Amino acid sequence: MQPHPLHSHDVVIVGGGLTGLRAALEASRAGLDVAVISKVHPLRSHSVAAQGGINAALGNAPGGEDDTWGKHAFDTVKGSDFLADQDAVETLCRDAPAAVVELEHMGTVFSRLPDGRIAQRPFGGAGFPRTCYCADRTGHNLLHTLFEQGVGRRLKVYDEYFVTSLVVTDKRCSGCIALDLSDGTLHGFAAKAVLLATGGYGRIYARSTNALINTGDGAALAWRAGLPLEDMEFVQFHPTTLYGTNILISEAARGEGGYLLNSRRERFMKRYAEQAMELAPRDIVARAIQTEIDVGRGFKNEYVLLDLTHLGAERINERLPGIRQIARDFAGADLVREPIPVQPGQHYSMGGVPAETDGSTLVRGLFAAGECACVSVHGANRLGGNSLLETIVFGRRAGAAMVESARAVPAPAAEPLEAALAQELARIDRLLSRERTERVNNIRDDLMMTMFEMFGVFRDEARMREGLGILTHLKSRLDGVGIGTRQSSYNQALVAALELEGMLEVAETVARSALNRLESRGSHARTDFPARDDANWLVHSMAWNRGGQVEIVHKPVAVGMFPVEARQY
Amino acid sequence: MVLKVRRFDPSTGSVSYDHFDVKPKPGLTVLSALFYVQERIDDSLSFRYSCRGAVCGSCAVLVNRVPRLACRTQLDAVGSEAVELKPDPTLGEPEPFNPRHEILVEPLPHFHVLKDLVVDFRRFFRFYEALEPFFRPPEGLLDRELRLEPAAVKELETYTNCIQCGACFAACPVCGRNQGYWGPAALAKLYRFAQDPREPADDARVEKANRPDGWWACEFFANCRAVCPKGVPPNLAIGAARRRLQELGRAPVPVQEETSNVQAPTSNQVPGTGEQSPQEAGNPNV
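The listed protein sequences correspond, in order, to chains G and R. Heads up: the first sequence begins at 0 in numbering that gives the first Met the number 0, then just goes up one per residue. Heads up: the second sequence begins at 0 in numbering that gives the first Met the number 0, then just goes up one per residue.
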């Protein structure tokens, strides 16, 4: 029998990406005992892959002098197809300039204007050049900066620990259970406040730009703890992912002046967004590309071209060196000399664990922020440059709120933690001793293809019903999943099986929420309900776990500053 | 094509090379081949992964004796991508393989092996922590950004591009024989801070590694630069830091840019891979 260590911290943060690290810094600065738990080393988190930048109305760039947080807020709300909660958007955009300056004061090497101020570039759906950037490696630079700051604070990190469940009793969270991947032991973590900062659920889809680790673990943990999931049908498809691997090709490529071309070599965006052209919001550009492909104006019925050749080598090397390297490494193409093949791919999860602007959720002591949460600042479609911003703004706010929360409660009782530990031990033991009739990857591959084909860029009732039937069948196949090895060290097959259970639960909430919404809004485009329907559907979808069944309940949208209007670009 | 993978099982201490048949096709990477093996053939195989897009630094392994990111290494191009490395005698006798039909995948040398291709990064990150890799802002910060010239940004980017994948550490012969050497990645990171014009203008940063295990341990093999997947040149940073210390009159010994003072292996290593013996490698406390 292996020992099962118990740990106790004031604050436990699940996830070591930008949100988690920013929250951890806040709580650590307040003098609390903070621990970060992550299934990968923090520097391997998906935040590292963000390319284009972070939005803030600094007004630095030529032509951007008149930018304000209010204009940023309007663009964000319009981009969201008016589904975002406007009070939350106000918080996001008001906090933005200070968030960027703070990152700079932590040492981030932002790209600069000739006078030394932070440079800003145009991005989709934005009225001004508002996106601050570190070439096209913004996430990498921010993540390394925050990790460095964490080293400076001697932040406690449990890396390569996979959280298997939250400890929730009487609607209060008092810790979590995690599997130490290096030796297979289960650990109990008692905490006065727990933050979910686990990122999105992109990997339930085939053709995703996301890291392989983005399996929606936080959403699944919350779901099993009895929390609803909000707006899960809103899944962002990025217009330009590299054909073949679906690695992200940043919106910055179009922000810097790139063209999208169909097989007739025409800039087809003129038919879809006459003014904004390639810099329309992502949902619109993704649908335009998919439409061109569907009507036969793509290449091989799979992709269109992204042409940067007219930008010249110098500008590309300065502003877009990362995607030049990606195109070279993964498509064998030099985008200085030739256009590259791109297609829409899953990119971002607008939905998630419903959370307030201070990260609090419906369970006391449990907080959520970043991509795993739904605040909701992105509504039905997120603008490029707002996700990095969200991690910093709401990571900080959640960290501060957890400090207050942790100070107000005594150390949690030991019994719920021990009971949860025993439960998880039994669960993992069952999984490890089960005879294998199914392989994890077979079910996962079917799941990903089903989500991509039935709940993709365009949706309709018949396909979604068929998709739901497949999902139900996949869930029944879960009982046959077995692990071929009982090894305790780095048993990745076990982790994959645990991830898969959550992926199927999360996928069902996406499917049910999508089927339920009888309109088209933002990223949710239904061919059988092509119009937006504000009279009936200006509401958030809350998917509740009713004894294993998904029930959808509506929640009003916070409208205020900006009246709901038609959305044109 | 045969994927020849070095296995290490910490529960038994056993080391073996397993052979797996894989069909190379355009676009198939070493990482996807490893997934193919784990998902279809042997799910006890362990290796690190995350972004699969050459930005997170998780999946550095030794492919045909060269440290590379598994995710950006194409199976059908491994043989044709020649990377010339200065020999590392601490690696001992290499495991034989036929590059015409075999691809040899091994864990990074100079790290303890924990399981198969998963290695212990604790020594690597101890050096990273020792350099105090956090920005020291000047006093009197305002609510605006500190100014920074675009030319300075360009120079800093050369080093901030590092993803801490450990490839340079694995390729460096000095890291193989000197357990105390900070290594190329940590020194490149330190140089990035030393060069940052926004920090107070003192020499605290270059002084930080002004010690035998710091800047002065490097012997300019330049394998670090040759294997870096992000084009970072730690050797240039180290040379520049030494010159600055010399200008300050702080260099402990005369600067020698090129030496080939290569010694025989000294530690108890598994022949061919450079990590500690399996018994020690399996014990994370060693």
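Here a beta-carbon is modelled for each residue, glycine too, at the ideal position from N, C-alpha and C. Here the structure is a predicted model, which is why all the values come from computation and not from measurement.
Close-in-space but distant-in-sequence residues of the same chain around residue i (CB under 6 angstroms, 5 per side omitted)
{"i": "A192(G)", "result": "V10, G364, M401, S404, A405"}
{"i": "L431(G)", "result": "I482, R485"}
{"i": "G15(G)", "result": "V35, S37, P41, S44"}
Residue nearest to residue i in terms of C-alpha spacing, selected from the options
{"i": "R28(G)", "options": "V35(G), L154(G), F122(G), H40(G)", "result": "L154(G)"}
{"i": "S43(R)", "options": "A557(G), E389(G), G481(G)", "result": "G481(G)"}
{"i": "R323(G)", "options": "Q50(G), R395(G), A56(G), G19(G)", "result": "Q50(G)"}
{"i": "E265(G)", "options": "E504(G), R296(G), Y242(G), F236(G)", "result": "R296(G)"}
{"i": "P183(R)", "options": "N209(R), W214(R), K153(R)", "result": "W214(R)"}
{"i": "D20(R)", "options": "S13(R), I40(R), L130(R)", "result": "I40(R)"}
{"i": "R426(G)", "options": "V392(G), E500(G), A372(G)", "result": "E500(G)"}
{"i": "S540(G)", "options": "E232(G), A134(G), D158(G)", "result": "E232(G)"}
{"i": "T11(R)", "options": "F561(G), E564(G), L493(G), S488(G)", "result": "S488(G)"}
{"i": "S519(G)", "options": "V100(G), S79(G), E291(G), V13(G)", "result": "S79(G)"}
{"i": "Q342(G)", "options": "N300(G), E317(G), Y568(G)", "result": "N300(G)"}
{"i": "S512(G)", "options": "E229(G), H6(G), C131(G)", "result": "E229(G)"}
{"i": "Q548(G)", "options": "E504(G), Y132(G), R116(G)", "result": "E504(G)"}
{"i": "L319(G)", "options": "V335(G), D328(G), G124(G)", "result": "V335(G)"}
{"i": "L2(R)", "options": "D87(R), G56(R), V77(R), T159(R)", "result": "V77(R)"}
{"i": "G138(G)", "options": "G384(G), H472(G), V88(G)", "result": "G384(G)"}
Neighbourhood of residue i by C-beta, 8 angstroms cutoff - its chain only, sequence neighbours within 5 removed
{"i": "T144(G)", "result": "L102, M105, G106, T107"}
{"i": "I292(G)", "result": "N300, E301, Y302, V303, Q342"}
{"i": "S181(G)", "result": "E159, S488, Y489"}
{"i": "K269(G)", "result": "M276"}
{"i": "H3(G)", "result": "T184, L185, H186, G187, L420, L424"}
According to DSSP, residues forming a beta bridge with residue i
{"i": "D17(R)", "result": "V4(R)"}
{"i": "W543(G)", "result": "E550(G)"}
{"i": "E101(R)", "result": "V1(R)"}
{"i": "N54(G)", "result": "T130(G)"}
{"i": "G174(G)", "result": "V166(G), A189(G)"}
Spatial distance of residue i from residue j (CA atoms)
{"i": "T72(R)", "j": "A32(R)", "result": "11 angstroms"}
{"i": "D645(G)", "j": "D444(G)", "result": "Because chain G spans 0 through 568 in this model, residue 645(G) falls outside it and cannot be assessed."}
{"i": "H576(G)", "j": "G52(R)", "result": "The structure shown does not extend to residue 576(G), since chain G spans only 0 to 568, so no value can be given for it."}
{"i": "V261(R)", "j": "N222(R)", "result": "At V261(R), the pLDDT of 40 sits below 50, so the modelled position is not reliable; the number obtained from the coordinates is stated separately. Going from the Cα of V261(R) to the Cα of N222(R) covers about 14 angstroms."}
{"i": "L244(R)", "j": "A193(R)", "result": "12 angstroms"}
{"i": "N479(G)", "j": "A496(G)", "result": "The sequence given here has Gly at residue 479(G), not Asn. Taking the straight line from one Cα to the other gives about 11 angstroms."}
{"i": "H523(G)", "j": "F457(G)", "result": "7 angstroms"}
{"i": "G256(G)", "j": "A60(G)", "result": "16 angstroms"}
{"i": "T75(G)", "j": "P23(R)", "result": "45 angstroms"}
{"i": "N63(R)", "j": "L57(G)", "result": "49 angstroms"}
{"i": "P41(G)", "j": "A225(R)", "result": "26 angstroms"}
{"i": "R623(G)", "j": "G378(G)", "result": "Shown here, chain G extends from 0 to 568; a query on residue 623(G) therefore has no answer."}
{"i": "F366(G)", "j": "E25(G)", "result": "14 angstroms"}
{"i": "H8(G)", "j": "P409(G)", "result": "12 angstroms"}
{"i": "V4(R)", "j": "V47(G)", "result": "29 angstroms"}
{"i": "F161(G)", "j": "E148(R)", "result": "43 angstroms"}
{"i": "A413(G)", "j": "R545(G)", "result": "28 angstroms"}
{"i": "A166(R)", "j": "E80(R)", "result": "16 angstroms"}
{"i": "F46(R)", "j": "V39(G)", "result": "12 angstroms"}
{"i": "Y157(G)", "j": "F168(R)", "result": "23 angstroms"}
{"i": "G198(G)", "j": "A210(G)", "result": "10 angstroms"}
Contacts of residue i in chain B (Cβ-Cβ under 9 angstroms)
{"i": "R146(R)", "result": "Absent from the structure: chain B. Protein chains present are G and R."}
Rounded Cβ spacing between residue i and residue j (contact assumed at less than 8 angstroms)
{"i": "N213(G)", "j": "R206(G)", "result": "With 8 angstroms as the limit, N213(G) and R206(G) do not qualify as a contact, their Cβ atoms being about 13 angstroms apart."}
{"i": "D306(G)", "j": "P338(G)", "result": "4 angstroms"}
{"i": "F7(R)", "j": "V112(R)", "result": "5 angstroms"}
{"i": "Q85(G)", "j": "G559(G)", "result": "5 angstroms"}
{"i": "I246(G)", "j": "T208(G)", "result": "7 angstroms"}
{"i": "A492(G)", "j": "G321(G)", "result": "No, A492(G) and G321(G) are not in contact; Cβ-Cβ is about 33 angstroms, not under 8 angstroms."}
{"i": "D428(G)", "j": "T526(G)", "result": "Their Cβ separation, rounded to whole angstroms, is 47 angstroms, which puts D428(G) and T526(G) out of contact at 8 angstroms."}
Own chain residues within Cβ distance below 7 angstroms of residue i, not counting five before or after
{"i": "G570(G)", "result": "Residue 570(G) lies beyond the stretch modelled for chain G, which goes from 0 to 568, so this question has no answer here."}
{"i": "A506(G)", "result": "I203, L446, M450, L470"}
{"i": "V173(R)", "result": "Y180, A216, C217, E218"}
{"i": "A510(G)", "result": "F454, M463, G466, L467, L470"}
{"i": "C161(R)", "result": "A184, A187, K188, K229, V231"}
{"i": "V538(G)", "result": "H553, K554, P555, V556"}
{"i": "E498(G)", "result": "T214, D216"}
{"i": "A151(R)", "result": "P196"}
{"i": "A218(G)", "result": "Y200, L228, G351, V352, C371, V505"}
Near the ligand MN: residue i beta-carbon under 6 angstroms from a heavy atom
{"i": "I442(G)", "result": "Judged by which ligands are present, the structure shown has none, so any question about the ligand MN falls away."}
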